[in-house]
Amino acid sequence: MPRPAESRSNADLIRANRGFYESLWAGAQLIAPERFNTWPLLHELADAAPRRLEVAPGLRPRLPLRGTCFVDLSRAALRRLQASGANAVHGMIGALPCADASFDLVCALDILEHVADDDGALAELARVAAPGASVLLSVPLHPAAWTAFDDFVGHCRRYEPQRIVALLARHGFSIEHSAVYGMQPTSPRLLSLGQWYLTHRRERAMWWYNRVFMPLGLRFQKPLQWRARLGDTAGVDELLLRCRYQPVSAPSH
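Put into structure tokens, the structure is as follows:
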């Protein structure tokens, strides 16, 4: 059985993620935020938060293109975002090119599982978030559910539910609501087929991805069902977490 790749170095993970996503975004299309089931909530939050940051959106941004600062490692994604009028800059979640306490809304979806130092990544998000900021994160759950596809897309880990709660709390993030999330197919056979085509027939795979699978995935998205705090995580592959940030007091000596 494949196992989580937490022993991989940060440099190895960066190379793996850059190799996969740079080529993916080079052949993909920009999808407008309004087309995702995250839009009803994020549109509402964005209206009340003029200072906004989205980390690693690729070509799937969830916050409004206008008025949001986007930070991504992929040059291909940055070019498309900038061509669409977005303020998009090169950077990584572990070293954000942003001032302290400068954002009231922070979105970082599908990223923590890709970095070796998730503790450091959350410390950076805490650094740039203003007190009281809304922070949206998503994470895959249950290490026992690890598959070869996790390796293929550059994941470092899946989270035990209580581990992510404790990790977030250590950096001042409290989970207010959560929702079952994700557009990944549930069929292992379909995932394996997609992985093979992306490896051996990338041009053909991207044609199907852009013209068939992504439009179908968008069309059949279900509205997010929000529940208080973490909720029941049994059998859940991925969660979207709506958090509130408050600075953690330094221990007194």
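According to our numbering, the sequence shown holds residues 2 to 254 in order.
Backbone N, C-alpha and C define an ideal beta-carbon position, used for all residues, glycine too.
Quantities reported herein were computed from a predicted structural model and do not represent experimental measurements.
- Looking at the unbroken beta strand (DSSP E) that takes in Pro141, where does it start and where does it end? Ala130 to Pro141
- Task: Would you mind stating whether Val90 and Val72 have Cβ atoms separated by less than 8 Å?
- Result: yes
- Alpha carbon to alpha carbon, what distance is there between Cys244 and Ala167? 13 Å
- Distance CB(Glu239)-CB(Val154) smaller than 8 Å: no
- Task: Would you give the residue range spanned by the alpha helix (DSSP H) that Leu79 belongs to?
- Result: Arg76 to Ala84
- Query: Bridge partners of Val90, per DSSP?
  - Reply: Val72
- Message: Please report the straight-line C-alpha distance between Tyr182 and Pro162, rounded to a whole angstrom.
- Response: 14 Å
- Residues that DSSP places opposite Cys99 in a beta bridge: According to DSSP, which records beta bridges pairwise, Cys99 is partnered with nothing at all.
- Rounded to the nearest angstrom, how far is the Cβ of Ile176 from that of Arg220, given a contact under 8 Å? Going by Cβ atoms, the distance from Ile176 to Arg220 rounds to 30 Å, so no, they are not a contact pair.
- Item | Glu45 - DSSP class collapsed to helix/strand/coil | helix
- Using the C-alpha atoms, what's the distance from Ala102 back to Val136? 13 Å
- Three-state secondary structure (DSSP) at Ala229? strand
- Message: For the stretch 19 to 36 against the stretch 66 to 84, do three or more pairs of beta-carbon atoms, one drawn from each stretch, fall closer than 8 Å, so that the two count as touching?
- Response: yes
- Where does His156 sit, in a helix, a strand or coil, going by DSSP? coil
- Message: Taking 8 Å as the threshold (C-beta atoms), are Leu142 and Val213 in contact?
- Response: no
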